[in-house]
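Accompanying notes for the structure given below.
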Amino acid sequence: MPTYRQLLSERLLAAFLKANITPPEGLIIEVGQASDSRFGDYQSNAAMVMAKALKINPRQLATTLIEHLDVADLCEKPEIAGPGFLNFRLTKETLAQRLSSLINDDRLGVPAVNIPQRIVIDFSAPNIAKPMHVGHIRSTFLGDSLARIARFAGHHVITDNHIGDWGTQFGMIIHGWKTRLNQEALQKDAIQELVRVYREVNAEAKADESILTSCKTELVKLQQGDAENLGIWQQCVKVTLDQLHEIYSRLGIHFDHYLGESAYNDRLAPLVENLLNEGIARISDGATCIFSDGLKKPEEDPFLINRDGKWEPAPCIVRKTDGGFLYATTDLATIDHRIREWQADEIWYVVGAPQQLHFRQVFEATHRRGKKVRMIHIAFGSILGPDGKMFKTRSGESVGLIEVFEEAVERAGVVVAERELGDDEKAKIAEFIGIAAVKYAELSQHRMTDYKFSWDKMLALQGNTAPYLINAYVRTRSIFRKLDGAVTLDPTCEITEDAERILTVKLAQFGEIVHDVLVDFRPNLLAQYVYELANTFHSFYEACPVLRSEGTVRNTRLVLCEVTSRILKKGLDLLGIQTTERM
RNA sequence: GCACCCGUAGCUCAAUGGAUUAGAGCAUCUGACUACGGAUCAGAAGGUUUCUGGUUCGAGUCCAGACGGGUGCACCA
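For the first sequence, counting from 1, position 167 maps to 285 in this note's numbering; every step adds exactly one.
Below you can see the structure in the form of structure tokens.
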């Protein structure tokens, strides 16, 4: 089902051609939702943009355009306004028709993309033997939501959790495992025990040089494939993954793959060889580095940095002097794998903004290697505490992810306690309202802005919050509960009241918003849409009695409730938020 | 030093280069409670979009500069 925006855009193009005006190459005919309901439902600045390109009078062109424009089946006669805007007001007939077709459309009016891409989305990426913390909130939920949305839009999406399962910290962990591990504690809370061990060894190594040496020896043994150390490492990975699966399952997050850094170990040496052979990397001070190829302007070159007015090399190191490999090496090998095994057209990295330089280097290196893949760093800002600084505990550590959700659920429980529901149901509802609140607080923000983490705000019952949205959904269900399921929805609809009209227009825009999100990877646009839909529905609900009405009016209103219900559910689902029938 | 990101109402945040009036939510004030779930709705008030220039018919948005905040910059990930 094409959206109104698509339809109007096509018709405008047809009108241009009919008027013998060929749009200059690259010129896109844009139709947007009207900025103000005074101007109708949709508006286009096509005449203005085109007039500019052709150097003619925009209002004149708009008039010509309207003469050739055939939109009678969609809207009233378009109006020219201001410097040359075209305003479109959809007719009640076309809206009634749209409503009828929405009730029978599995895709809820969201067209599938014309050219599906194979997209690998890399997000969350926690480390082995370390607890997830607030820093993982943004990557995990942004990534999950984008994956759901891209999939629903028709792309082939592969989610890959690039676990940090290989690195220098394992020297200390293995040393600690051998000398101070408490098996009982490990059974109880594996990650916590591994963290304890790591911290103690770390502190000890700082004071005692011989401990540090011992850790380094353990690390080298691990890297050389020592059976015992490899076994310990595997157990660390397993117990951590077991716990991670539990957390992800609770949060409703799914990955198609868990390919950690270690999965690429044996590809690193050949990769570096290759880079050397291809002349992309060279040895410098004993390390293997990728330097600038001098083809870009210095300001745009990720391999240059300005120091005291001079542009100096900022190489990307792929092999240390001691022979060790790095983050960038693994990332390059990972890209190879994703292209070779999964035929990736695109790779999206949902990783914080501080890593921008790293990705610019890795992307540039990949392009220089002649790989054809679209790589995008979907960056995001920080979560701040109430004081406006990085969200930390009083002791300066980052706040644990599990603790955040525990508290969210507990606080939600306080509110749910007042409801007239069974204890089991209360617990269940508190659980997912708490989770939903944290997710929604994240996803309703613009990803680049730092935001303040606030319990009171995210769990408020009013305003732009998950509880408000879920409540709106519950109300749409309660209508049908009242009918005891004895209702058949007829596709025959007729729009009479203004509130019905406004709601229908809003429902029809779901198909536009879903695609808008993917233009700049911004689930907050969908969050805003869902909130506006809930709002619009509440207004409609207040203004238009449903059960007390009759005939086609009643049927139309029931259809409005049903479609709203489905779109709210789907919209929230695309944000990774579950709904409930009652609360 | 250089690069990137941010600067919008008292607070927390929106706003695809568009329209006399830059939107929401909190908080504040005024209405609607014999309630299809009031966890709601209708409304009021609140702004020099940090500042200065520029491009444009048109700028919160694009460009240049200043100021303020954050982050990152050679063998960690």
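Ideal Cβ placement from N, Cα and C applies to all residues, glycine included.
- A direct Cα-to-Cα measurement between R177 and M168 gives close to 11 Å.
- In terms of CA proximity to A446, L389 leads the group V468, L389, Q341 and A132.
- In this structure H280 does not touch R236 by the C-beta definition: roughly 17 Å separates them, more than the 8 Å allowed.
- Between L693 and P641 a beta carbon distance of about 6 Å is seen, short of the 8 Å cut, so the two are scored as contacting.
- The segment 289 to 304 makes contact with the segment 346 to 356: 3 or more CB pairs, one atom from each, lie closer than 8 Å.
- Rounded to whole angstroms, the separation of the alpha carbons of F571 and G506 is 9 Å.
- L665 sits in coil when the DSSP states are folded into three classes, being neither helix nor strand.
- Taking the C-beta atoms as reference points, G261 is found nearer than 9 Å to W466.
- In this structure, DSSP gives I547 a helical state, which the three-state scheme calls helix.
- Under DSSP, N424 forms a beta bridge with W429.
- Along the segment 367 to 437, the alpha helix (DSSP H) occurs as fully enclosed runs of 4 or more residues at 383 to 395, listed in sequence order.
- Inter-residue distance for L579 and N589 is about 9 Å (C-alpha atoms, whole angstroms).
- Contact between the segment 335 to 349 and the segment 238 to 247 is absent: fewer than three C-beta pairs spanning the two stretches fall below 8 Å.
- In the DSSP assignment, A271 falls outside any alpha helix (DSSP H), carrying neither H nor E.
- Residue burial is scored here from C-beta neighbours: I453 has at least 16 other C-beta atoms within 10 angstroms and is therefore classed as buried.
- Beyond the five residues adjoining it in sequence on each side, D419 comes within less than 7 Å, by CB distance, of S410 in the same chain, given in chain order.
- The three-state secondary structure of W466, taken from DSSP, is strand.
- Note on geometry: alpha-carbon atoms of L135 and L377 lie some 52 Å from one another.
- For the options T614, H656 and S257, the alpha carbon positioned closest to that of G581 is the one of H656.
- Per DSSP, E148 is not a residue of any beta strand (DSSP E), being assigned neither H nor E.
- With fewer than 16 other Cβ atoms from the protein chains shown falling within 10 Å of its own Cβ, H363 counts as exposed.
- Around N163, the same chain offers E148 and F203 as residues with beta carbons nearer than 7 Å, after the five sequence neighbours per side are excluded.
- Taking the Cα of L686 as reference, the smallest distance to any Cα among N673, Y647, P663 and T484 is reached at Y647.
- In this chain, the beta strand (DSSP E) harbouring F203 covers F203 to F206.
- Take the alpha-carbon of F509 and the one of V592: they are about 33 Å apart.
- When the Cα atoms are used, H564 and L299 turn out to be separated by approximately 43 Å.
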